[in-house]
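**Student:** First residue of the sequence shown: 1105, per my numbering; consecutive thereafter.
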Amino acid sequence: MSNLELGFLSFPILLLMVFLRAPIGLAMLLCGFAGWYFAMGGNPNVLLNKLKSETYTQFSSYSLSIIPMFLLMGQFATLSGMSSALFKAAESFLGHRRGGVAMASVGACAGFGAICGSSLATAATMSKVALPELRRYGYSGGFSTATLAAGGTLGILIPPSVILVIYAILTEQNIAKLFLAAFIPGIMAALGYMLTISIYVRLYPKSAGTRPAQPMSERWAALAGCWPVLLIFGLVVGGIYLGWFTPTEGSAIGAAGTGLVALLSGSLNWAVFRDSLFGTARTTAMIFFIVLGASFYNSFLALSGVPQFMADWVLTQGFSPWLVLSVILIFYLIFGCLMDSLSMILLTVPIFFPVISAMDFGMSPEHLAIWFGILVLIVVEVGLITPPVGMNLFIINAMDRETPMTETYKAVLFFVGSDIVRVIILVMFPAITLFLLPA
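#1: Rounded to a whole number of angstroms, what is the C-alpha to C-alpha distance between Tyr1241 and Gly1313?
#2: What residue from Leu1517, Tyr1401, Ser1196 and Pro1425 has the CA that sits closest to Phe1112's CA?
#3: Nearest to Pro1491 by CA position, among Ile1536, Pro1289 and Ala1250, is which residue?
#4: Rounding to the nearest angstrom, what Cα-Cα distance links Gly1354 and Pro1264 in this structure?
#5: Please classify Leu1497 as buried or exposed, where buried requires at least 16 neighbouring CB atoms within 10 angstroms.
#6: Leaving out the 5 sequence neighbours to the left and right, which residues in its chain are closer than 7 Å to Gly1245 when beta-carbon positions are compared?
#7: Please tell me whether, using a cut-off of 6 Å, the distance from the CB of Thr1314 to the nearest non-hydrogen atom of the ligand SAH is below it.
#8: With 16 as the cutoff for other CB atoms within 10 Å, does Val1431 come out buried or exposed?
#9: Would you check if the distance between the CB atom of Thr1537 and the CB atom of Ile1478 is smaller than 7 Å?
#10: If you draw a straight line from the C-alpha of Ala1535 to the C-alpha of Gly1466, how long is it?
#11: Does DSSP classify Gly1246 as helix, strand or coil?
#12: Cα separation between Gly1290 and Leu1261?
#13: Rounded to the nearest angstrom, how far is the Cβ of Ser1403 from that of Glu1158, given a contact under 8 Å?
#14: CB Ala1253 to CB Val1516, shorter than 7 Å?
#15: Between Gly1256 and Asn1373, what straight-line distance do the alpha-carbon atoms span, to the nearest angstrom?
#16: For Ile1336, which of helix, strand or coil comes out of DSSP?
#17: Apply the 10 Å Cβ neighbour rule to Thr1226 and answer buried if 16 or more other Cβ atoms are within range, or exposed otherwise.
#18: Should Ala1280 be labelled buried (16 or more other beta-carbon atoms within 10 Å of its own) or exposed?
#19: What would DSSP say about Cys1135, mapped onto helix, strand or coil?
#20: Report back the beta-carbon spacing between Ala1208 and Leu1224 to the nearest angstrom; my notes put them in contact at under 8 Å.
#21: Which residues mark the beginning and the end of the alpha helix (DSSP H) in which Lys1514 is found?
#22: Could you give the DSSP three-state label for Ser1106: helix, strand or coil?
#23: Taking 7 Å as the cut-off, decide whether the C-beta atoms of Gly1296 and Arg1526 are in contact.
#24: Reducing DSSP to helix, strand and coil, say where Asp1444 ends up.
#25: Quick check on the burial criterion: 16 or more other C-beta atoms within 10 angstroms. Buried or exposed for Gly1347?
#26: Quick check on DSSP: helix, strand or coil for Met1144?
#27: Is it the case that the segment 1181-1197 contacts the segment 1320-1328, given that we only count it when at least three CB pairs across the two stretches are under 8 Å?
#28: Would you identify the three-state DSSP class for Ile1165, choosing helix, strand or coil?
#29: Could you give the first and the last residue of the continuous alpha helix (DSSP H) run that contains Asp1379?
#30: I'd like to know if the segment 1388-1402 and the segment 1113-1132 are in contact, where contact means that at least 3 CB-CB pairs between them fall below 8 Å.
#31: When burial is assigned at 16 or more other CB atoms within 10 Å of the CB, is Ile1434 buried or exposed?
#32: Could you tell me if Gly1145 is buried or exposed, where buried requires 16 or more neighbouring beta carbons within 10 angstroms of its beta carbon?
In structure tokens form, the structure reads like this:
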């Protein structure tokens, strides 16, 4: 059997292992092991040498240190009460409108996503704050949980984003430029969700109650309570864009800043600090193991020649670049229902990126890579709220066991529709994504 045939055979084996609930990192690592073993004629010494060199090469990258720093930043932000302050400020300005408390939840998720690069953490944290208020003002269970599940996806789109860091490393792109390109699509996502809420409550008036408007003095007071979020976001993201420090240095400054805010707020003691470090270590270990498995598997695919074969085959068929892009995005949309976002990025980008890079979309290679990365991130983000395996749906359902999952599924389809419309707009008008980037 040729190496190319080995590479193609590994795909169904990998998917079978995933469907049998093997951890995705372990599944990719074992497939990579087996692929290298058979490709090298059954020589175990080559395999062991590859394991040693691949592990060192992958984790000696200075850029990977951004991940634990952003995760620690999210841990401190959760503990310092920033989520509550964000929700109160958004609620004071939007809560009196029809569906306003749900809109406030989305706005607070967007704000929290600016200091937490994890979708699951954003969804879990904001649900603790917003669910009681949504119940208090008569919002239906399915509508409430669907809103928070959708709002949680903003955690990986609005910079800083852990997934964007991984994509930047895989494709050797500038992290700061990817963060900048994600900003407008992130704002579009938040506004699109708010518009969806407005449409939903008009179609189903009984799904949302009302609350009285707050005086302007109370609104401004609530907004003033958000100053730590604005300060940290402005310092980290603004500092990176202005060149004051690198993304890696910015992540460390962000973690230190949120830790200081948590300390000054009185919510950070030794036990909480220890739990934050352990929580960050556990999540980092999980991510890094998936990164190692993907690196080993992708190096085997490169050895087999599958990515180059796919790129050459697509080019020789004469397919339109826009058709190829559409098929890839549909693939992400379907498999996003079955796999988590990080695994999808690590598994597929090394295969699809060479195909897209070889096609002519009328833009520079750098802009093409950044535009494709944002599109992939958005479509993978949709998978977090798409039945039957949307991770955010399960996170929110665990926080509100009184609401049947079927009710959440029905309501969340409105938000999935909003995401699909946004993807179509960004595909048709790449300039929206690339607007803030230098020419």
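No residue lacks a Cβ here, since even glycine has one placed at the ideal position from N, Cα and C.
**Tutor:** Put simply:
#1: 5 Å
#2: Tyr1401
#3: Ala1250
#4: 10 Å
#5: buried
#6: Asp1504, Glu1506, Thr1507 and Glu1511
#7: Absent from the structure shown: the ligand SAH. Ligands present: none.
#8: exposed
#9: yes
#10: 12 Å
#11: helix
#12: 6 Å
#13: 6 Å
#14: yes
#15: 27 Å
#16: helix
#17: buried
#18: buried
#19: helix
#20: Not a contact, Cβ separation roughly 21 Å.
#21: Met1509 to Met1532
#22: coil
#23: yes
#24: coil
#25: exposed
#26: coil
#27: yes
#28: The identity of residue 1165 in the sequence shown is Ser, whereas the question assumes Ile. Reduced to three states, the DSSP call for Ser1165 is coil.
#29: Trp1374 to Ser1408
#30: yes
#31: exposed
#32: exposed
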